[in-house]
Amino acid sequence: MNEQRNLTTRQNSAVTVIGLGPMGRAMTRTLLTAGHPVTVWNRTAGRADGVVTDGATLAATPSEAVEASDLVLLSLTDYRAMYDVLDSATESLAGRTLVNLSSDTPGRTREAATWAAGHGAAFLTGGLMVPAPMVGTEAAHAYYSGPDEAMQRHLATLALLGTPKHLGADPGLAQMMYQAQLTLFLSTLSGLMHATAMLGTAGMKAREALPELLSSADSTGDILRAGEENPGAALDAGEHPGDLSTVTMMGATSDHIVETSTSLGLDLALPLAVQAHYRRAIEDGHGGDNWTRIIDGIREPR
């Protein structure tokens, strides 16, 4: 009974959200729906109108917002914005947990954790891996890193935003995972637009091309998993068996993409970057290895 009462208390505890862009507003509404009292603050106060109508409380200052809750969620442009907002509220930080869901570099994230600790606050780095409309849905998940005690204390609340995956104590690790995921995401988006532009030169409309391209993108993970029982295990072992596909074969394909794109008058930034990975591996004598060998040149650029 006491355990259930404690869980209910945590689930209904006050939360502060600072930063009311689309993500901040989505988090606020998700928390309100779950029964949490939510205090909000934003530089442009008018952005709070919608969530205040939904039941949130608008704080007059960052200090007031921080003091309203033990758990403070930050959804800002970058980490510089955190300092800009909270430098006037440092005396209010002691004993609270800051969860910064903003994007920046792992190095700046670690510096921020040290800064927060210097003011007596626990610090969790977070990265929500879905767009605003998906926050709080079954499809949502988020990576966190930082002190395990702080993570466990607020786990029930953070789980409302999306399935939490705690990566460990290093505050930079969740940020690294976030940036790695965005590297894949943004590269895929650029690839989709390049492919769509390519097909467009042949008269194919985007509404015809994209369904085919998206189907191919969806199947990429299945193709890669089918080629290795434990994806990543061979990479960790430094093994690149070329029995299914080789650097030379994939490199020839990248050459054809560059030639086709050139003939169509398309921008070459993306295909040239991909081609460079395979040419480097071939120059280093790894043409017969699996395509995964290109990681060497990525790890140690010339």
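Per numbering that gives the first Met the number 0, residue 0 is the first one in the sequence shown, and the count goes up by one each step. Glycine included, each C-beta is placed from N, C-alpha and C at the ideal position.
Beta carbon of LEU100 nearer than 7 Å to that of GLY125:
In the sequence shown, counting from the first residue as 1, residue 100 sits at position 101. In the sequence shown, counting from the first residue as 1, residue 125 sits at position 126. Taking 7 Å as the Cβ cut-off, LEU100 and GLY125 qualify as a contacting pair.
So, is GLY171 buried or exposed, given that buried needs 16 or more other C-beta atoms within 10 angstroms?
Against the sequence shown, residue 171 aligns to sequence position 172. Only buried fits GLY171, as 16 or more other CB atoms lie within 10 angstroms of its CB.
Note down the Cα distance separating ASP221 from GLY45, rounded to an integer number of angstroms.
The residue labelled residue 221 in the question sits at position 222 within the sequence shown. The residue labelled residue 45 in the question sits at position 46 within the sequence shown. Whole-angstrom Cα-Cα distance: 46 Å.
With H, G and I counted as helix, E and B as strand and the rest as coil, what does DSSP make of GLY126?
For the purposes of this step, residue 126 is taken as the residue at position 127 of the sequence shown. The answer is strand: DSSP assigns GLY126 an E or B state.
By Cβ distance below 7 Å, which residues in the same chain neighbour VAL16 in space, the five residues on each side in sequence not counted?
Numbered from its first residue, the sequence shown carries residue 16 at position 17. Same-chain partners within the cutoff: GLY23, MET26, THR27, VAL37, VAL39, LEU72 and SER74.
Measuring only the C-alpha atoms, how far is LEU271 from THR187?
Taking the sequence shown and counting its residues from 1, one reaches residue 271 at position 272. Taking the sequence shown and counting its residues from 1, one reaches residue 187 at position 188. Their Cα atoms are separated by approximately 15 Å.
Top-ranked residue by Cα proximity to ALA112, from ALA196, SER144, ARG206 and VAL65
Residue numbering aside, residue 112 sits at position 113 when the sequence shown is read from its first letter. Closest by alpha carbon: SER144.
What residue from VAL98, THR162 and LEU198 has the CA that sits closest to GLY264's CA?
As a first step, residue 264 must be located in the sequence shown, where it is residue number 265. The shortest C-alpha separation from GLY264 is found at LEU198.
Helix, strand or coil for ALA67? Go by DSSP, reduced to three states.
The count along the sequence shown starts at 1 and reaches residue 67 at position 68. Under the three-state reduction of DSSP output, ALA67 falls in the coil class, being neither helix nor strand.
Near ILE294, what residues of its chain come up, given a Cβ to Cβ distance below 8 Å and the 5 sequence neighbours on each side ignored?
Stepping through the sequence shown from its first residue, residue 294 is reached at position 295. Result list for ILE294: LEU234, in chain order.
With DSSP as the reference, identify every bridge partner of LYS164, one or two as the case may be.
To locate residue 164, count along the sequence shown from 1; it is residue 165. Here LYS164 is bridged, per DSSP, to TYR142.
Proximity below 7 Å, CB of MET176 to CB of TYR142
Your numbering for residue 176 matches position 177 in the sequence shown. Your numbering for residue 142 matches position 143 in the sequence shown. One thing to note: MET176 has its Cβ within 7 Å of the Cβ of TYR142.
PRO61 and VAL98 - do their beta-carbons sit closer together than 7 Å?
Numbered from its first residue, the sequence shown carries residue 98 at position 99. Numbered from its first residue, the sequence shown carries residue 61 at position 62. It is not a contact, given that the beta carbons lie outside the stated cut-off.
Can the beta-carbon of SER91 be found less than 7 Å from the beta-carbon of ALA13?
For the purposes of this step, residue 91 is taken as residue 92 along the sequence shown, with counting starting at 1. For the purposes of this step, residue 13 is taken as residue 14 along the sequence shown, with counting starting at 1. The Cβ atoms of SER91 and ALA13 lie no closer than 7 Å to each other.
Roughly how far, in whole angstroms, is the beta-carbon of THR245 from the beta-carbon of ASP288, given that I think they are within contact range, below 8 Å?
Start at 1 with the first residue of the sequence shown, and residue 245 comes out as number 246. Start at 1 with the first residue of the sequence shown, and residue 288 comes out as number 289. Rounded, the Cβ-Cβ distance is 7 Å, consistent with contact.
With DSSP as the reference, label THR104 as helix, strand or coil.
Position 105 of the sequence shown, counted from the first residue, corresponds to residue 104. Reduced to three states, the DSSP call for THR104 is coil.
Of the residues PRO105, VAL65 and LEU243, the one placed nearest SER87, counting alpha carbons only:
Here residue 87 refers to the residue found at position 88 of the sequence shown. Nearest of PRO105, VAL65 and LEU243 to SER87, Cα basis: VAL65.
Tell me whether the beta-carbon of GLN180 lies closer than 7 Å to the beta-carbon of MET133.
Taking the first residue of the sequence shown as 1, we reach residue 180 at position 181. Taking the first residue of the sequence shown as 1, we reach residue 133 at position 134. Contact flag unset, no.
Could you tell me which uninterrupted alpha helix (DSSP H) segments, each at least 4 residues in length, are contained entirely in the stretch 153-220, listed from first to last along the chain?
Runs of the alpha helix (DSSP H) inside the stretch 153-220: 154-157 and 170-199.
Alpha-carbon to alpha-carbon, ASP77 and MET0:
Here the question's residue 0 lines up with position 1 in the sequence shown. Here the question's residue 77 lines up with position 78 in the sequence shown. The predicted position of MET0 is uncertain, since its pLDDT is 36 and thus under 50; no value can be drawn from it.
Give the DSSP-derived three-state secondary structure of THR60 in the structure shown.
Position 61 of the sequence shown, counted from the first residue, corresponds to residue 60. In the structure shown, THR60 adopts coil according to DSSP, grouped into three states.
Helix, strand or coil: how does DSSP classify GLY296 here?
To locate residue 296, count along the sequence shown from 1; it is residue 297. GLY296: helix per DSSP, three-state reduction.
Keeping to the same chain, check which residues put their C-beta closer than 7 Å to that of LEU30; ignore five residues upstream and five downstream.
Counted from its first residue, the sequence shown places residue 30 at position 31. Cβ neighbours of LEU30 within its own chain (closer than 7 Å, five residues either side excluded): VAL14, VAL37 and LEU159.
Take ASP217 as the anchor and find which of LEU243, PHE184, HIS165 and GLY117 has the nearest alpha-carbon.
As a position in the sequence shown, residue 217 is number 218, starting the count at 1. It is PHE184.
Are the beta-carbon atoms belonging to HIS165 and LEU70 less than 7 Å from one another?
As a first step, residue 165 must be located in the sequence shown, where it is residue number 166. As a first step, residue 70 must be located in the sequence shown, where it is residue number 71. No.
Coil, strand or helix - THR76 by DSSP
For the purposes of this step, residue 76 is identified with residue 77 of the sequence shown, where counting begins at 1. Reduced to three states, the DSSP call for THR76 is coil.
Euclidean distance between Cα positions of GLU207 and LEU213:
Walking along the sequence shown from the start, residue 207 turns up at place 208. Walking along the sequence shown from the start, residue 213 turns up at place 214. Rounded to the nearest whole angstrom, the C-alpha separation of GLU207 and LEU213 is 11 Å.
Between GLY237 and ILE281, is the Cβ-Cβ spacing less than 7 Å?
Within the sequence shown, the letter at position 238 stands for residue 237. Within the sequence shown, the letter at position 282 stands for residue 281. No, they are not a contact pair.
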